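A.B. asks: In our numbering, the protein residues as written are 7 to 94. Even glycine gets a Cβ: it sits at the ideal position worked out from N, Cα and C. In this text the structure is predicted, and so the values were computed from the model without any measurement.
#1: State whether the segment 70-90 contacts the segment 28-48, with contact taken as three or more CB pairs (one from each stretch) at a distance under 8 Å.
#2: Which same chain residues, not among the five before or five after residue 7, have their C-beta less than 6 Å away from its C-beta?
#3: Grouping DSSP H, G and I as helix and E and B as strand, with all else coil, what is residue 56?
#4: Distance check for residue 17 and residue 52, CA to CA, integer angstroms please.
#5: Does the Cβ-Cβ distance between residue 23 and residue 64 come in under 7 Å?
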């Protein structure tokens, strides 16, 4: 069974990402994030102490996803020179 708290955390992260894209970081108050995510503002601050913590978490998640996508495209047997030729 999934942790119900993780659903709230995911809702906050997904909502924040969408709002940051639409409105910008400084144009997105935490009250709007919590309202759109369907959680209380206190719940948002339970998971993320500050809005900066929230965007840091999003950054790390996106960075990890990008790194994983790059690794999926690598052939372990291919040389570095071969990889560079394929990319360029």
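C.D. replies: Taking the structure as given:
#1: no
#2: Here the model assigns residue 7 a pLDDT of 42, short of 50, so the residue's position is not dependable and the matter cannot be decided.
#3: coil
#4: 14 Å
#5: yes
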